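In this text, residue positions in the sequence shown follow the numbering used here: the first is 127, and each later residue adds one.
From the three backbone atoms N, C-alpha and C, an ideal C-beta is built for every residue, glycine too.
Since the structure is predicted, the reported quantities are computational estimates derived from the model, not experimental observations.
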Amino acid sequence: MAGSQEWLGGGAVSTHIEAGQTPRETAVTLDDATQAMKALFEGQDSGLDRTLKLDFGGDGVVFIDARGTPNTVSNDDGDADTTMIISLADFARLRSGELQGQQAFMTGALQVEGDLMGAMAFGSYTASRQ
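This is the structure:
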(Lines of atoms letter the chains of each structure in order from A and count residues from 1; the text may use other names and numbers.)
(Lines give C-alpha, C1' and ligand atoms only; values in the text may rest on other atoms or scores of the structure.)
Protein backbone atom coordinates (compact mmCIF):
# COMPACT_ATOMS: atom_id res chain seq x y z
CA MET A 1 0.00 0.00 0.00
CA ALA A 2 1.29 3.47 -0.87
CA GLY A 3 0.10 6.52 1.04
CA SER A 4 0.55 10.23 0.78
CA GLN A 5 -0.53 13.30 2.63
CA GLU A 6 -0.75 16.67 0.96
CA TRP A 7 -1.77 20.13 2.04
CA LEU A 8 -3.70 21.29 -0.99
CA GLY A 9 -4.87 24.87 -0.93
CA GLY A 10 -4.02 25.01 2.75
CA GLY A 11 -6.42 22.16 3.52
CA ALA A 12 -5.56 18.81 4.95
CA VAL A 13 -6.29 16.00 2.54
CA SER A 14 -5.10 12.51 3.36
CA THR A 15 -5.30 9.72 0.83
CA HIS A 16 -4.39 6.06 0.83
CA ILE A 17 -4.11 4.22 -2.45
CA GLU A 18 -4.42 0.45 -2.57
CA ALA A 19 -3.16 -1.40 -5.64
CA GLY A 20 -5.84 -1.13 -8.32
CA GLN A 21 -7.97 1.34 -6.34
CA THR A 22 -8.64 5.04 -6.62
CA PRO A 23 -7.70 7.45 -3.83
CA ARG A 24 -10.13 7.82 -0.93
CA GLU A 25 -10.16 10.49 1.70
CA THR A 26 -9.39 9.47 5.28
CA ALA A 27 -9.98 11.17 8.58
CA VAL A 28 -8.21 14.40 9.49
CA THR A 29 -6.74 14.41 12.99
CA LEU A 30 -6.33 17.09 15.61
CA ASP A 31 -2.60 17.00 14.89
CA ASP A 32 -3.30 17.71 11.19
CA ALA A 33 -5.39 20.75 12.15
CA THR A 34 -2.80 21.93 14.68
CA GLN A 35 0.04 21.65 12.16
CA ALA A 36 -2.00 23.53 9.54
CA MET A 37 -2.61 26.39 11.98
CA LYS A 38 1.03 26.40 13.10
CA ALA A 39 2.09 26.74 9.47
CA LEU A 40 -0.15 29.81 9.13
CA PHE A 41 0.31 31.50 12.52
CA GLU A 42 3.26 30.19 14.54
CA GLY A 43 5.98 32.83 14.74
CA GLN A 44 4.05 35.24 12.52
CA ASP A 45 2.47 38.63 13.08
CA SER A 46 -1.01 38.00 11.69
CA GLY A 47 -2.24 41.39 12.85
CA LEU A 48 -5.42 39.80 14.23
CA ASP A 49 -4.72 41.04 17.77
CA ARG A 50 -7.02 38.52 19.47
CA THR A 51 -7.25 34.95 20.68
CA LEU A 52 -9.04 32.34 18.61
CA LYS A 53 -10.03 28.79 19.40
CA LEU A 54 -11.02 26.05 16.99
CA ASP A 55 -13.19 23.70 19.05
CA PHE A 56 -13.45 20.23 17.52
CA GLY A 57 -15.66 18.88 20.30
CA GLY A 58 -14.41 15.63 21.77
CA ASP A 59 -11.44 15.65 19.37
CA GLY A 60 -9.83 18.64 21.12
CA VAL A 61 -9.03 22.27 20.38
CA VAL A 62 -6.49 24.44 18.60
CA PHE A 63 -5.79 27.71 20.45
CA ILE A 64 -4.26 30.60 18.51
CA ASP A 65 -2.87 33.52 20.48
CA ALA A 66 -2.53 36.33 17.95
CA ARG A 67 -2.43 39.16 20.51
CA GLY A 68 1.30 39.65 20.25
CA THR A 69 4.22 38.91 18.03
CA PRO A 70 5.07 36.19 17.43
CA ASN A 71 1.69 34.43 17.33
CA THR A 72 1.53 31.06 19.07
CA VAL A 73 -0.51 27.91 18.47
CA SER A 74 -1.25 25.20 21.03
CA ASN A 75 -3.83 22.62 22.02
CA ASP A 76 -4.52 24.39 25.32
CA ASP A 77 -8.22 24.83 26.04
CA GLY A 78 -8.25 28.42 27.30
CA ASP A 79 -10.76 31.24 27.06
CA ALA A 80 -10.69 32.94 23.66
CA ASP A 81 -12.08 36.12 22.16
CA THR A 82 -13.58 34.01 19.36
CA THR A 83 -14.40 30.31 19.50
CA MET A 84 -15.26 28.51 16.27
CA ILE A 85 -16.98 25.17 16.81
CA ILE A 86 -16.64 22.78 13.87
CA SER A 87 -16.02 19.08 13.26
CA LEU A 88 -12.62 17.97 12.01
CA ALA A 89 -14.28 16.66 8.84
CA ASP A 90 -15.94 20.02 8.12
CA PHE A 91 -12.70 21.82 8.99
CA ALA A 92 -10.91 19.78 6.32
CA ARG A 93 -13.68 20.58 3.81
CA LEU A 94 -13.44 24.26 4.73
CA ARG A 95 -9.65 24.34 4.34
CA SER A 96 -9.74 22.50 1.01
CA GLY A 97 -12.35 24.88 -0.42
CA GLU A 98 -15.03 22.21 -0.71
CA LEU A 99 -17.03 24.10 1.95
CA GLN A 100 -17.20 27.89 2.10
CA GLY A 101 -17.10 29.72 5.45
CA GLN A 102 -20.39 31.54 4.99
CA GLN A 103 -22.08 28.31 3.87
CA ALA A 104 -20.68 26.46 6.90
CA PHE A 105 -21.96 29.20 9.23
CA MET A 106 -25.42 29.43 7.63
CA THR A 107 -25.95 25.65 7.71
CA GLY A 108 -24.73 25.26 11.30
CA ALA A 109 -21.60 23.29 10.38
CA LEU A 110 -19.64 26.19 11.89
CA GLN A 111 -20.81 27.90 15.07
CA VAL A 112 -19.18 31.00 16.48
CA GLU A 113 -19.11 32.05 20.12
CA GLY A 114 -17.78 35.42 21.19
CA ASP A 115 -16.55 38.01 18.72
CA LEU A 116 -17.98 37.25 15.27
CA MET A 117 -15.51 39.72 13.74
CA GLY A 118 -12.72 37.44 14.96
CA ALA A 119 -14.10 34.59 12.86
CA MET A 120 -14.30 36.87 9.84
CA ALA A 121 -10.72 38.11 10.39
CA PHE A 122 -9.55 34.49 10.78
CA GLY A 123 -11.22 33.57 7.48
CA SER A 124 -9.69 36.53 5.66
CA TYR A 125 -6.22 35.86 7.07
CA THR A 126 -6.22 32.15 6.27
CA ALA A 127 -7.65 32.72 2.77
CA SER A 128 -4.89 35.21 2.00
CA ARG A 129 -2.25 32.58 2.90
CA GLN A 130 -3.49 29.83 0.59
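- Looking at the DSSP output, Thr252 sits in no beta bridge, so it has no partner there.
- The same chain holds no residue with a CB closer than 6 Å to that of Ala165 once the five nearest residues on each side in sequence are set aside.
- The beta carbon of Asp216 is closer than 8 Å to those of Leu225, Ala230, Ala235, Leu236 in its chain, skipping five residues each way along the sequence.
- Annotation: the continuous beta strand (DSSP E) that includes Asp191 extends over 187 to 191.
- Thr208 places its beta carbon 9 Å or farther from that of Val188.
- In the DSSP assignment, Asp181 is bridged to Val187, Ile211.
- In this structure, DSSP gives Thr233 a helical state, which the three-state scheme calls helix.
- With fewer than 16 other Cβ atoms from the protein chains shown falling within 10 Å of its own Cβ, Ala153 counts as exposed.
- Sixteen is the threshold: since fewer than 16 other Cβ atoms of the shown chains lie within 10 Å of the Cβ of Leu242, the residue is exposed.
- Going by DSSP, Thr160 is part of the alpha helix (DSSP H) stretching over 156 to 167.
- Between Gln256 and Gly227, the alpha-carbon positions lie close to 14 Å from each other.
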